[in-house]
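Read through the structure below, which is laid out as structure tokens, and then see the notes.
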Amino acid sequence: MDAEDLRKKLLKASGGAALHPDHLFAPSTSSPAERRTTFTAASWEPYFDTREVVEVSSTGNRFMTYQSRRDRGPLFVFHHGAGHAALAFALVAQRMRQKYPDEMSFLAYDCRGHGDTHTDGDLDLSLDTLAGDFKAILDALYPNGSHPQVFLVGHSMGGAVVTQIAYKQLVPNLGGFVVIDIVEGNAMAALGKIKKFCETRPQKFRSVSDTIAWFLRIRAIVNVESAQISVPPLVVEESSPEGPVYVWRTDLGASEQYWKDWFQGLTDKFLQAKGAKMLMLAGPERLDKPMMIAQMQGKFQPVMFPDSGHAIQEDHPDEVARSLIEIWQRSRPLTLPPKLPRS
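Counting in full-length UniProt numbering, the sequence shown runs from 1 upward without gaps.
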């Protein structure tokens, strides 16, 4: 059975609509729920309990974190993709909290070179550096491995980071990890398209509202609520002869030297890492042949979103939240009822 036959079989099983493999980073085919000319940046407060800078004592690097902590239950740690920021997971965390308000903790943070995080090497986005940052933040917040069972969730580049952490067993008490919309074969094939996107996207905006509108117009995000919370940290204000303008916080083009580092070997590491594994994709056509075979062998749980763009967690927060709750519930130890005394 060749790759195309495998793809068709998975497509039929998922009930999805086919997309061409070139559409790995394509926007959603859906339209925004609302159309208006101005958009307001939303506060983080309805989504997390605290917004806190965590300083890593050994380096002095300062990471912006968003947290909700509870005394029991698992800890979900979210790692965003390149050019995004922590609040890309705001709606997912909120939906999960609504379902289990007292049984889950959440941590999302802006990785180096992104959002409101500032380090001594913002341009160093190598995979080992990003994985080291992840562990350093977790160690700072939960000294001596005091955190509960951990589930790692990463989108795109962040998916490569959480896979690296799981593969190298950098985090104790790992319950499982989830990778959102990235597969090695298709990612490596799409690197040229990423470069073209970096070169052709607008370099500045007149306002944060215009930035949000651009994301919605090209359908990179279709969920208006998510765009209003996740997009503002992606730009910073600068002065210009025409007045204030907003430019990208992250120079995606400058990270090109690391793109292959993120994705090369991802399949082997994903399949060899210990713990429960889930792969969320915007349709089965995004699976390369090795992952199609592994999926059919039951080596991980696939979850398909055929009508989504690349930012699945923003376009479909309710469905993503349900899937994350599912991987936690499946990993919980089975509690048997007490034995009845013999009569």
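All residues carry an ideal CB built from backbone N, CA and C; glycine is no exception.
Rounded to whole angstroms, the separation of the alpha carbons of residue 202 and residue 150 is 38 Å. Counting only runs of 4+ residues, the alpha helix (DSSP H) found wholly inside the region 121-150 occupies 127-141, in chain order. Setting aside the 5 residues that flank it on each side, residue 72 is surrounded in the same chain by 102, 103 and 148, each with a C-beta closer than 8 Å to its C-beta; the list follows chain order. Burial check for residue 299: the Cβ neighbour count within 10 Å stays below 16, so the residue is exposed.
Close CB contacts of residue 288 within its chain, under the 8 Å cut and outside five residues either way in sequence, are with 3, 183, 184, 185, 186 and 267 (chain order).
Counted as a single uninterrupted DSSP element, the stretch harbouring residue 203 is not any beta strand (DSSP E), since DSSP gives it neither H nor E. Between the region 300-308 and the region 196-214 there are fewer than three inter-stretch CB-CB distances shorter than 8 Å, so the stretches are not counted as touching.
By the Cβ neighbour-count rule, residue 250 is buried, with 16 or more other Cβ atoms within 10 Å of its own. Under the three-state reduction of DSSP, residue 290 is assigned to helix. If you draw a straight line from the Cα of residue 169 to the Cα of residue 255, it is about 26 Å long. Taking a contact as a CB-CB distance under 8 Å, the pair residue 177 and residue 166 counts as one, their CB atoms being some 5 Å apart. Between residue 50 and residue 67, the C-beta gap is smaller than 8 Å, which places the two residues in contact. Residue 175: member of the beta strand (DSSP E) spanning 174-180, first to last residue.
According to the DSSP assignment, residue 248 belongs to the beta strand (DSSP E) that extends over 245-248. 224 is the residue among 245, 224 and 82 whose C-alpha sits nearest the C-alpha of residue 38. Residue 314 carries a helical assignment under DSSP once its states are collapsed to helix, strand and coil. With respect to the 8 Å criterion, residue 161 and residue 123 are not classified as neighbours on the basis of their beta carbons. Take residue 228, set aside five residues on each side of it, and the residues of its chain with a beta-carbon closer than 7 Å to its own are 39, 40, 41, 42 and 212, in chain order. Pairing residue 293 with residue 96 gives a Cβ-Cβ distance that is not under 8 Å.
A residue is called buried when at least 16 other Cβ atoms come within 10 angstroms of its Cβ; residue 55 does not meet this threshold and is exposed.
Distance from the Cα of residue 159 is smallest, within the candidate group 263, 319, 91 and 284, for 263. Residue pairing by DSSP places residue 76 opposite 106 and 151 in a beta bridge. Per the C-alpha coordinates, the member of 275, 296 and 277 positioned closest to residue 284 is 296.
Between the alpha carbons of residue 281 and residue 301 lies a gap of roughly 11 Å. Residue 62 sits close to residue 117, with the two beta carbons spaced by under 8 Å. Just so you know, the alpha carbons of residue 172 and residue 242 end up roughly 52 Å apart. Of all alpha-carbon atoms in 112, 94 and 44, the one lying nearest the alpha-carbon of residue 60 is that of 112. Here residue 121 is not near residue 86, since their CB atoms are 8 Å or more apart.
Between residue 89 and residue 240, the alpha-carbon positions lie close to 32 Å from each other. With respect to residue 323, residue 291 sits apart: the two C-beta atoms are not nearer than 8 Å. Secondary-structure assignment with DSSP links residue 279 through a beta bridge to 179 and 302.
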